[in-house]
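Protein chains in written order, with UniProt numbering: chain X, 1 to 547; chain G, 1 to 547.
Note that the Cβ used here is the ideal one computed from N, Cα and C, for glycine as well.
Protein chains: 2
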Amino acid sequence: MPTKIIEPAEGAYPYPLLIKSLLLSGRRYAPQREIVHGSSRYNYQELNARICRLAHVLRAAGINEGDTVAVMDWDSHRYLEAYFAVPMIGAVLHHVNVRLSPDQVGYTMAHAQDSLVLVHDDFLPLIEALAPQLPSVHGYIQLSDAPVPGSTRLSPLGEYEALLAGADSTYDFPDFDENSVATTFYTTGTTGNPKGVYFSHRQLVLHTLSMTTTLAAYEGFALLRSEDVYMPMTPMFHVHAWGVPYAATMLGVKQVYPGRYDPDRLVRLFREEGVTFSHGVPTVLQMLLNCEEAAKTDLTGWKLLTGGAAPTESLVRQMAARGIEFFTGYGLSESCPLLSASFLEPGQHELPLEQQLEARMAAGIPVQLVDLHLIDAAGQRVPEDGASLGEIVVRAPWLTQGYYRDAQTGAQLWQGGWMHTGDVASITPGGMIQIRDRIKDVIKTGGEWVCSLRIENLISLHAAVAEVAVVGVPDARWGERPLALVVLAAGAELEPGALQQHLMQFVSQGQISKWAVPDDIRIVEAIPKTSVGKLDKKQIREQVRDA
Amino acid sequence: MPTKIIEPAEGAYPYPLLIKSLLLSGRRYAPQREIVHGSSRYNYQELNARICRLAHVLRAAGINEGDTVAVMDWDSHRYLEAYFAVPMIGAVLHHVNVRLSPDQVGYTMAHAQDSLVLVHDDFLPLIEALAPQLPSVHGYIQLSDAPVPGSTRLSPLGEYEALLAGADSTYDFPDFDENSVATTFYTTGTTGNPKGVYFSHRQLVLHTLSMTTTLAAYEGFALLRSEDVYMPMTPMFHVHAWGVPYAATMLGVKQVYPGRYDPDRLVRLFREEGVTFSHGVPTVLQMLLNCEEAAKTDLTGWKLLTGGAAPTESLVRQMAARGIEFFTGYGLSESCPLLSASFLEPGQHELPLEQQLEARMAAGIPVQLVDLHLIDAAGQRVPEDGASLGEIVVRAPWLTQGYYRDAQTGAQLWQGGWMHTGDVASITPGGMIQIRDRIKDVIKTGGEWVCSLRIENLISLHAAVAEVAVVGVPDARWGERPLALVVLAAGAELEPGALQQHLMQFVSQGQISKWAVPDDIRIVEAIPKTSVGKLDKKQIREQVRDA
């Protein structure tokens with residue numbers, strides 16, 4: 001039998017979920033709150049006016065509905081304006097990952113068919129080199145933090161501030177289909193070209209509503225409420241800066257955009273602007289803790305959400321020692337990204353830190369509307385017993401519906417009607433997700449699965465270890481064997497054998513099997529990282545193979 | 001130009017916004033939290049199992065997708081289960097307003113074409129009398145709080161608990177169109193028959209997400225967060241109990257359902273169950289404050305949201321004196337209902353109470369995604385200057401799209417593409433809505449508009465006044481003149497002339513015009529109320545006219 005579908009009366013407004021609606025409430029709640037970037041400082045009323053001005057500038061630059069506008073910028077108020085203005089005129093915002101190799105940047109811009117590029121002075125050399133390969137691009141707008149914009153041979157349409165100054169401060173943003181693409185960006189897998197994910201207005205509005213509830217409603221996870229001050233430390237080009245700029249703007253909190261990430265500047269901004277909430281991948285947080293400015297700053301009360309990779313216990317303890325309130329979230333480029341968060345259980349946040357560590361390091365439990373479980377290699381559900389491993393598959397209202405212009409990998413992503421995260425995890429009977437590894441990084445040795453992250457964690461507990469990566473290398477007898485790269489702490493000295501001995505204590509405690517102890521542990525100067533600061537296991541494997 | 005619409009890959013799941021999704025997170029966050037009603041007390045895992053059992057019972061009773069199931073119950077765990085199970089099988093939940101006259105109840109049930117009725121013992125006499133006029137009803141399920149269910153000549157399919165006990169505790173709830181009708185209920189206007197409003201799954205999911213953000217994210221309005229304990233005091237049949245049961249369940253908070261509203265029991269439950277958050281119309285809150293149990297209970301810290309009618313200053317002061325944290329929200333049956341809330345401005349909640357009163361009594365500012373403004377009689381926008389009056393018109397993702405089987409009044413509701421609230425208000429330059437009156441209750445006298453609510457408020461400040469209503473009565477010379485009905489406080493004595501004198505002080509202060517002072521002030525024993533406890537101005541006008 002069919003359900004009864006709601007019947008609209010004549011004139012009834014079928015409210016589409018559009019990004020423009022996210023702007024309504026922040027300005028009403030706190031019209032005088034500030035958006036800060038460098039020497040630029042203005043309030044929510046001005047933010048709204050500037051978004052209107054930018055919309056006019058984009059239209060004047062020939063941008064129509066369905067066109068794609070690329071942004072190449074550090075975290076700035078301009079980027080925030082683009083988060084809104086570009087999709088609000090019906091165009092697609094391409095968040096260019098400027099940390100990819102020049103070839104990959106060029107690939108993504110050509111693949112996304114960018115029409116217009118908003119480009120910061122710092123990326124002029126890059127875009128000048130790429131321009132000949134980008135026939136779809138018909139214009140550039142220059143973004144500059146300097147009094148005199150950098151010189152370029154690109155003939156840009158103008159400098160951003162100058163163009164905005166000449167544009168009208170009101171704009172009648174149109175309604176359109178909520179399933180219109182609002183944003184796109186590229187994710188680099190371990191093989192092949194970067195893949196384009198894309199998110200609709202509807203998806204971003206729903207993600208924002210869920211994000212505000214997630215960050216506000218749980219007493220053990222109270223990261224972003226009306227009186228907080230927000231500063232991202234996950235780049236704005238990376239998965240919508242985890243979606244928080246949209247959430248912060250909807251709520252109407254003060255926002256601080258730090259430009260290029262310089263650890264000392266980040267800490268100064270925290271101190272001087274009264275920042276209370278930031279988020280970043282573990283490597284960025286580690287840089288922060290190690291910087292000069294951090295040594296002379298009281299970091300107490302800074303609420304930090306980490307994700308993108310599991311934090312090591314060592315990092316977590318360092319943060320706790322500095323009085324930082326740290327939490328873990330989980331998501332990926334394909335998921336907009338919010339999937340789960342390390343809410344503490346009721347009452348748990350009143351326990352001594354030691355008893356909170358496990359929960360704070362875990363990926364937590366799925367947030368509202370997220371439906372998620374584990375499957376094994378055969379696609380069968382894996383029990384939630386805290387031990388059994390399986391790949392996380394998920395349904396949520398804000399997952400990419402495929403890869404742009406790549407039907408085949410899109411269908412693989414969605415095999416069986418669930419989105420495959422590529423993450424291997426266990427789930428406790430209490431529902432807590434513990435990410436164990438990327439499915440590609442799991443080391444298959446002697447008939448069992450060894451999680452590289454687990455071994456990395458245990459090695460990182462050794463005082464002489466600053467950084468560590470574990471990968472599987474082909475082995476004729478065992479299929480694969482784990483191999484570790486280790487960067488020593490400053491001034492430390494160590495023989496690989498001492499680390500094997502260190503690991504053997506966990507074997508005798510029954511925490512890991514003896515198969516998990518790497519035969520090959522190499523002391524190195526540095527470990528390859530991806531553009532967003534994660535361990536680059538693909539490159540590590542290549543490097544180890546070639547060595 | 002068309003926008004670019006997202007393209008789903010093969011297998012991509014187009015996540016519909018369905019009420020079943022609201023159940024995912026509460027159980028994961030706090031599986032052991034309790035749902036309490038009378039002697040019934042169970043946790044979220046059990047709630048989920050019982051919803052599945054109820055779904056089987058409904059299907060076994062012949063309910064298919066698109067059928068309508070009526071509930072006639074006081075606030076209970078059973079009603080909460082129906083909030084989910086009925087729409088989750090694709091049926092429509094008809095919230096029967098049991099406080100309407102029997103004729104009107106019969107009208108609404110026939111008009112809604114109810115198939116099955118879940119009916120509490122207390123309403124057996126009512127439904128037995130109506131049954132012959134309800135050909136669409138083919139079955140009854142009996143709801144009972146007593147050890148032995150009440151006797152009836154209706155031959156019900158069974159008693160609720162007995163039926164649930166015999167049903168399976170898992171159910172594979174289907175997906176369907178998110179625009180399917182989930183709920184319906186009737187609103188009584190000043191003229192004509194009750195009108196049916198209806199809300200889809202999509203609308204209720206969006207309303208819930210906005211509600212959780214609204215109630216959690218604002219430090220000056222922190223009504224419902226993860227550690228709160230919720231008890232409604234707005235009936236569950238009335239506008240989804242303001243939507244809070246869905247929000248509370250999604251969050252996973254403890255919920256207490258108080259049955260029929262007995263003020264002493266409500267206060268006892270507050271004390272014994274650790275209730276922190278409730279909501280109710282001003283008349284219910286007034287009863288609460290006046291009851292015996294309240295006199296011997298420390299009410300400090302009880303967070304009360306009021307709405308449905310503006311609270312009088314007198315009530316607000318009484319609540320403050322008892323240490324109650326009170327706030328005002330605004331919405332109507334047609335709006336699901338959440339439209340705006342009296343968020344205090346940043347910092348304002350730290351001011352002395354006296355300086356918060358105005359903001360706490362106002363309807364506040366619109367919540368996320370709500371777009372709203374004032375129009376005059378000609379449909380033109382009215383300035384937001386805190387003085388100019390206009391009717392509130394609104395767009396939001398959760399407004400009824402019409403009146404059920406009544407295209408004409410639906411089109412009137414949505415005239416010009418905006419939903420007409422029928423409420424006359426001013427909006428301050430800071431965006432704060434101040435409801436002045438129902439457009440039908442505004443008294444047009446001597447060429448100007450006099451707001452009856454304003455006069456009621458000023459009269460209520462007089463110590464001898466317990467309750468007051470002001471209506472317009474036809475007047476040959478002035479068009480209309482205000483007339484006041486006054487119930488005196490217990491033991492008080494007063495001549496009408498003293499109240500006119502009381503009002504003249506506000507005339508000389510310039511707060512009201514002299515036209516606003518009623519010539520006719522009548523001391524009465526009681527003032528007619530609607531089924532939900534509001535002043536029944538329609539009946540008052542009739543009574544005054546007939547007198």
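Among G:Cys52, G:Glu227, G:Ala131, G:Val267, the one whose alpha carbon lies nearest that of Val253 (chain G): G:Glu227
Check the C-beta distance from Glu10 (chain G) over to Trp418 (chain X) and give it rounded, since I have them as a contact under 8 Å. So it is not a contact: roughly 13 Å between Cβ atoms.
Classify Leu353 (chain G) as buried or exposed, calling it buried when 16 or more other Cβ atoms lie within 10 Å of its own Cβ. exposed
Mind checking whether Asp75 (chain G) and His94 (chain G) have CB atoms under 8 Å apart? Remark: C-beta atoms of Asp75 (chain G) and His94 (chain G) do not approach each other more closely than 8 Å.
Pair every Cβ in the segment 477 to 494 of chain X with every Cβ in the segment 427 to 444 of chain X, then say whether three or more of these pairs are closer than 8 Å. Output reads yes: the segment 427 to 444 of chain X touches the segment 477 to 494 of chain X.
Proximity test, Cβ basis, 8 Å: residue 552 (chain G) and chain X: In the structure displayed, chain G extends from 1 to 547; residue 552 (chain G) sits before or after that span and is not available.
Quick one: what's Ser40 (chain X) bridged to in DSSP? X:His37
When you compare each of G:Thr234, G:Ser335, G:Ala241, G:Val256 to Leu285 (chain G) by their alpha carbons, which one comes out closest? Minimum Cα-Cα distance from Leu285 (chain G) among the listed residues G:Thr234, G:Ser335, G:Ala241, G:Val256 corresponds to G:Thr234.
Can Asn48 (chain G) and Arg33 (chain G) be called in contact, C-beta distance under 8 Å? no
Chain-ordered neighbours of Gly386 (chain X) on chain G, where CB pairs are closer than 7 Å: Simply none; closest approach about 15 Å.
Do you know whose CA, among G:Ser101, G:Ala425, G:Leu18, lies nearest Leu372 (chain G)'s CA? G:Ala425
Tell whether a beta-carbon distance below 8 Å holds between Gly220 (chain G) and Leu344 (chain G). Yes, Cβ-Cβ distance for Gly220 (chain G) and Leu344 (chain G) is below 8 Å.
Under 8 Å by beta carbon: chain G residues contacting residue 548 (chain X): Lying before the first or after the last residue shown, residue 548 (chain X) is absent from chain X, which here runs from 1 to 547.
Gly323 (chain G), DSSP secondary structure in three states: coil
Does the distance from the C-beta atom of Ser25 (chain G) to that of Val367 (chain X) stay below 8 Å? Closer than 8 Å, so yes.
With a threshold of 16 other CB atoms inside 10 Å of the CB of Lys514 (chain X), please say whether the residue is buried or exposed. exposed
Closest to Asp520 (chain G) by C-alpha separation, out of G:Ile455, G:Pro132, G:Ala85, would be which residue? G:Ile455
Check whether the segment 61 to 75 of chain X touches the segment 114 to 127 of chain X, counting contact only when three or more Cβ pairs, one atom from each stretch, lie closer than 8 Å. yes
State buried or exposed for Ala241 (chain X), treating a residue as buried only when at least 16 other CB atoms are found within 10 Å of its CB. buried
Any beta carbon from chain X within less than 8 Å of Ala12 (chain G)'s own beta carbon? yes
Starting from Ile6 (chain X), find everything on chain G with Cβ-Cβ shorter than 7 Å and list it in chain order. Asn179, Val181, Tyr198, Ser200, Gln401
Could you tell me which residues DSSP puts in a beta bridge with Ile433 (chain X)? In the DSSP assignment, Ile433 (chain X) is bridged to X:Gly364, X:Ile427.
Tell me, please, which residues DSSP counts as bridged to Met72 (chain G). G:Val119
Relative to chain X, which residues along the segment 236 to 265 of chain G have a C-beta separation below 7 Å, given in chain order? Met250, Leu251
Strand pairing of Tyr230 (chain X), partner residues [DSSP]: For Tyr230 (chain X), the beta-bridge partners assigned by DSSP are X:Gln255, X:Phe277.
Are any of the Cβ atoms in chain G nearer than 8 Å to that of Pro397 (chain X)? yes
When the cut-off is 8 Å and only beta carbons count, does Gly479 (chain X) lie next to chain G? no
Mind listing, in chain order, the continuous beta strand (DSSP E) runs of no fewer than 3 residues lying wholly within the UniProt domain "AMP-binding enzyme C-terminal" (455 to 534) of chain X? 465 to 475, 479 to 488, 520 to 523
For Arg53 (chain G), three-class secondary structure by DSSP: helix
Compile a chain-ordered list of the residues in the segment 28 to 47 of chain G whose CB is closer than 7 Å to at least one CB of chain X. Arg28, Tyr29, Ala30
Which word fits Val471 (chain G), buried or exposed, when buried means at least 16 other C-beta atoms lie within 10 angstroms of its C-beta? buried
Write down every uninterrupted run of the alpha helix (DSSP H) in the segment 258 to 315 of chain G whose length is 4 residues or greater and which is fully enclosed by it, in chain order. Every alpha helix (DSSP H) stretch that sits fully inside the segment 258 to 315 of chain G and reaches 4 residues is listed by chain position as 263 to 273, 282 to 290, 292 to 295.
Just to make sure I have the definition right: I need the residues of chain X whose C-beta is within less than 8 Å of the C-beta of Tyr230 (chain G). Which are they? Within 8 Å Cβ-Cβ: nothing; Tyr230 (chain G) doesn't reach chain X, min ~13 Å.
Identify, in the order they occur along the chain, each residue of the same chain with its Cβ nearer than 6 Å to the Cβ of Gln318 (chain G), setting aside the five sequence neighbours on each side. Leu289
By the DSSP assignment, the alpha helix (DSSP H) with residue 616 (chain X) in it spans what residues? Because chain X here runs from 1 to 547, residue 616 (chain X) falls outside it and cannot be looked at.
Beta-carbon proximity of Gly280 (chain G) to Leu304 (chain G), cut-off 8 Å: yes
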